[in-house]
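Throughout, the numbering used here is defined as the position within the sequence shown, counted from one, plus 1. Input: a single structure, listed below in structure tokens.
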Amino acid sequence: MDLDMKIQPKFIENESAIIFSFYFRNASMKVGEAVIYTCEEEQNEELARMVYNNHEELTELNANAKRKMAYVTELTIPEGFKNQSFTKIKEFLKIIGINTCVYQH
């Protein structure tokens, strides 16, 4: 099944962040949407452990480096479409240089 994705960016100037709203459709049927908050932040020890646990290929972390991060803040996608939706979101984030995405409940 083919899933179409539309992206709507919004720049938050005072935070130097971008919020991306993702809208998913399958043919003419709306499937769901996700909101991703992206920013650059200092990497701390707790974050480093979390990133290591979620990305096994990550081997060395610089505790003082800034990382481009993405946070899923809203998610309304049915279970049957989540894997394909997340794959498309991760591909987009990778293109813009963000390799770390954290789901906030």
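Quick reminder that beta carbons are idealized off the backbone N, C-alpha and C, glycines included. Predicted model only: the values in this text are computed from it and were never measured.
Residue i to residue j span [Cα, whole Å]
| i | j | result |
| --- | --- | --- |
| ASP5 | ILE78 | 13 Å |
| VAL73 | TYR104 | 5 Å |
Per-residue DSSP class, three states only, for residue i
| i | result |
| --- | --- |
| ILE90 | helix |
| LYS11 | strand |
| ASN100 | coil |
Residue span of the beta strand (DSSP E) that contains residue i, given as start and end
| i | result |
| --- | --- |
| LEU76 | 67-77 |
Strand pairing of residue i, partner residues [DSSP]
| i | result |
| --- | --- |
| VAL36 | SER22, GLU75 |
| ASP5 | ARG26 |
Among the options, the one whose alpha carbon lies nearest that of residue i
| i | options | result |
| --- | --- | --- |
| GLY81 | ILE99, ILE8, GLN9, ASN27 | ASN27 |
| GLU16 | ARG68, CYS40, ILE99, SER29 | CYS40 |
| ILE99 | ALA18, ASN84, VAL32 | ALA18 |
| VAL32 | THR101, ILE96, GLN85, PHE93 | GLN85 |
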